[in-house]
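Presented below is the structure to which this report refers.
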Amino acid sequence: MKNSSFGNKLLLRVLGATIVVFALTMFILEKYSYETTQKGAETYLNEVSSNYASKVQGDVNLSISLVKTIWAKFQEAINHNTILKEKESIEMFKSMLKDNEQLLGIWWSTKEANILYETNVNDGKHPKNWYAKDGSFSPYITRGKDGIIIESGSSYNEENGWIKGPKEAGKLFITKPYVYPIAGVDTLMTTIAMPLYKDGEFAGAVGAEIDLNKFLQMTIKTKIYDNGYFFIVDNYGIILGHPEKEVVNKELLEVSKNDPDYIKALKKVKQLKPYSFEKKSFGNGFDSQYVVKPFKVGEEGTNWSIFVNAPKNEYLADANFIRNISIIFSLVGILIIAIVVYFSITVLKSNLSSISNGIESFFRFLNKQSSDVDTINISSNDEFGQMARSINENINKIKTSIIEDNMIIEEVKTVANEVSQGYLSKRINKTTSTDSLNELKDLLNQMLDNLQSILGKDLNTISKVLESYSKRDFTAKLDKSSSGKIGNEISNMNDMITEMLRTSHNDGMQLQNDANELTSNVNTLSNNATSQAASLEETAASIDEITSNIDSTSQKAQEMLIISNETRSSATEGKNLATNTVNAMEDINITVMNINEAISVIDQIAFQTNILSLNAAVEAATAGEAGKGFAVVAQEVRNLAARSAEAAKEIKDLVENATTKADNGKNISNKMIEGFNELELKIHDTSNLISDVANAAKEQSIGMNQIADAVGQLDKFTQENAAIAEVTNTIAIKTNNIAQNVVKKVSENKF
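Under the numbering used here, think of the first position of the sequence shown as 590, with each following residue one higher.
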């Protein structure tokens, strides 16, 4: 592929892109057509299933409504013990059959023969075919070949499904489909029955049959597409109607051999949910799309369903046709495009070959492999012809321009050689049609003019002068008129260097003398700093001693202040004790006064007792011999009163003496309080004096510490000055050496 020609590559790419585009277009069209057709088919099948479900549901539900109507009439008659009229009932049921084609027959059957009707077969009032074999009035009103007929109904038998079912269900009941002879013809039907009750007990059933042949004919006549069909399944999973009669009245799972999709479909029907699946039809064997439409009949939980079948190859026929047509047209289109592209590429390759040869010849001329250029020979008026003419015109222009460029380049080489030898007076005079080279020529000439104005005409002269300067010989001079700006600046620089050397020589000599003088002064400064440092050390020692004495004085003053505070506390405590003593003396005086009052009371009692004893003695004497004992007692009482009076007097004397002494103690305590007050004042004044002394000592200590710090700082500065003096001395020596070297170096130059 890498070695293929451009035309082949282009052909393959165009065909590849075309095939990809056609393939994508076909894929999108086919996908869209299939999806659209599939959706349309599903919509159509859903509509068909809904339509037939509505028809079947309508017929069944209408039949159920009629059965409920009959049941309501019978149940009301039983509840009210009402006897119905036979002919009226027969006529009513015939009318129902005439108006409702979906009904095949109406019947009833009761345990008790006369629960609804009184007549029996022996009455002879009605035809015998109106009565069952057991003689009860229970005819079967049905359809025959010639219209509505009446047949004998079956006797009551709870083993029959149309009676057993409603009895066990206790509500409306739909039997499985079964075959029953009607007018001598076996007919497939299903029964809708409802139970009758009397006093809460099952009394019989009433119902009607639906002829399933109608549903069968509906499925046979209906065609969906060409080979599609639908069939009806009841709540027992039994096929009620199918185009193939041999599967009717059979279980769907039996026919489908328990296929999982049919099992799932029946589960969905019980849930009253629609379902669809793809499966090969068990009827015609085609791959088909199935749509299942469930619908409710009668009571809750009784769900029938419509299964609609459509062969995929039939409803996808349009999509397949579009696909096939697309493939044919795509192949034809690709072939046409390939032929057109092939012839176009052949012409393209011829034109490109001519252009390639012409460009290759031009490149050989550019690379100086040839001295001439072959033009491109294309005579057409299309894009390639226009391009060939444009390329030929440009090649001729470039050829002429290259010859002129070579001429100016040769002159540039000549001028460049002159410049390389140091001569800047040559200029470029040739011209060319190339604007960029002309601009470059002008820039080079301008550059040479600028260089000449800056460096002069001859760089060799400047080089010789600079070489002389490099050898420390500044006596060489340049001609300022032909040396350019740099030559003039070099000449000015020579003058400046010469002047600088003279100045440097003079400054070096002066610097040498100043350095010697600086060395002498630094030595003097160093000696003075050493002496000052010694004096500061002595001063610092004296200050430390004074500071120590001040600190000792401050410490003693503090101790005195503490003792003074303790003495003041003791004086205060003595004052408080003296005060307490005075208060105690006052309490003693009060107590003594109370004792004096008590003694006066005792003295009065003794006086009264003495008087009483005297009166008792007088009374005892008057009594004679009988009062002698009483007289003795009175005498003892008198004696006791006398001793009490004496004791009270002695106590009173002691109390008076104690009162006198307590007064003396109180006076003494008052004097002690006055003394303590005066002592407290003196101690307070002494404490203030001691505190002043301590504060003054602290301030002196702080001042001496500040002086010591200042002396220490001066000592530090003195040491730093000494160090600086040493460094300065070293610098002065080095400066002297530098000055000597400067003078020596300057002396080596010629100026």
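Glycine included, C-beta positions come from ideal geometry on N, C-alpha and C.
Taking just the CA atoms, how far does residue j sit from residue i?
i: residue 1036; j: residue 1073; result: 14 Å
i: residue 1313; j: residue 1106; result: 17 Å
i: residue 902; j: residue 794; result: 51 Å
i: residue 1192; j: residue 1270; result: 52 Å
i: residue 706; j: residue 719; result: 12 Å
i: residue 948; j: residue 942; result: 10 Å
i: residue 1266; j: residue 1241; result: 37 Å
i: residue 1034; j: residue 1017; result: 6 Å
i: residue 822; j: residue 702; result: 37 Å
i: residue 858; j: residue 657; result: 25 Å
i: residue 1208; j: residue 1189; result: 29 Å
i: residue 727; j: residue 789; result: 22 Å
i: residue 1322; j: residue 1316; result: 10 Å
i: residue 610; j: residue 860; result: 48 Å
i: residue 1183; j: residue 1245; result: 12 Å
i: residue 931; j: residue 974; result: 20 Å
i: residue 1045; j: residue 1075; result: 8 Å
i: residue 663; j: residue 768; result: 27 Å
i: residue 807; j: residue 830; result: 8 Å
i: residue 646; j: residue 627; result: 28 Å
i: residue 1158; j: residue 1281; result: 20 Å
Take residue i as the anchor and find which of the options has the nearest alpha-carbon.
i: residue 695; options: 617, 687 and 701; result: 687
i: residue 738; options: 952, 1051, 1112 and 772; result: 772
i: residue 987; options: 1003, 974, 1004 and 1024; result: 1024
i: residue 1000; options: 893, 856, 766 and 1020; result: 1020
i: residue 1094; options: 925, 1133, 862 and 1332; result: 1332
i: residue 1238; options: 1185, 1262 and 1257; result: 1185
i: residue 778; options: 788, 789, 1103 and 803; result: 803
i: residue 762; options: 769, 752 and 770; result: 752
i: residue 1341; options: 997, 758 and 1295; result: In the structure as shown, the chain starts at 590 and stops at 1340, and residue 1341 therefore has no counterpart that could be examined.
i: residue 1235; options: 776, 1210 and 1196; result: 1196
i: residue 1389; options: 1147, 1253, 1162 and 1130; result: A question about residue 1389 goes unanswered here, because the residues of the chain that appear run from 590 up to 1340.
i: residue 855; options: 896, 834 and 815; result: 896
i: residue 1262; options: 1161, 1056 and 1043; result: 1161
Find out if the Cβ-Cβ distance for the pair residue i, residue j is shorter than 8 Å.
i: residue 900; j: residue 875; result: yes
i: residue 839; j: residue 852; result: no
i: residue 631; j: residue 865; result: yes
i: residue 743; j: residue 749; result: yes
i: residue 825; j: residue 765; result: yes
i: residue 961; j: residue 952; result: no
i: residue 745; j: residue 698; result: yes
i: residue 914; j: residue 608; result: no
i: residue 882; j: residue 638; result: yes
i: residue 1154; j: residue 1276; result: yes
i: residue 1133; j: residue 1285; result: no
Across which residues does DSSP place residue i in a beta bridge pair?
i: residue 898; result: 818 and 879
i: residue 698; result: 794
i: residue 1108; result: Beta-bridge pairing links residue 1108 to no other residue.
i: residue 1074; result: DSSP lists no partner for residue 1074.
i: residue 892; result: 885
i: residue 1180; result: Paired residue(s): none; residue 1180 is not in a bridge.
i: residue 1316; result: Answer is none; residue 1316 lacks a bridge partner.
i: residue 840; result: 827
i: residue 1304; result: In the DSSP output, where bridge partners are listed per residue, residue 1304 has none listed.
i: residue 768; result: 777
i: residue 728; result: 741
i: residue 867; result: 878
i: residue 799; result: 692 and 779
Keeping to the same chain, check which residues put their C-beta closer than 6 Å to that of residue i; ignore five residues upstream and five downstream.
i: residue 649; result: 886
i: residue 944; result: 965
i: residue 898; result: 817, 818, 870, 877 and 879
i: residue 993; result: 1021 and 1022
i: residue 809; result: 832
Counting only the same chain and skipping the five closest in sequence on each side, list residues whose C-beta sits under 8 Å from that of residue i.
i: residue 652; result: 689, 691, 692, 781, 797 and 799
i: residue 756; result: 747, 784, 791 and 794
i: residue 723; result: 702, 744 and 745
i: residue 959; result: 950 and 953
i: residue 776; result: 693, 768, 769, 770, 800 and 802
Excluding sequence positions up to five away, which residues of its chain have a Cβ less than 7 Å from the Cβ of residue i?
i: residue 871; result: 844 and 845
i: residue 811; result: 818 and 819
i: residue 836; result: 828 and 844
Would the C-beta of residue i count as close to the ligand FMN, meaning under 7 Å from any of its heavy atoms?
i: residue 635; result: As presented, the structure is devoid of all ligands, the ligand FMN included, so that no description of it is given.
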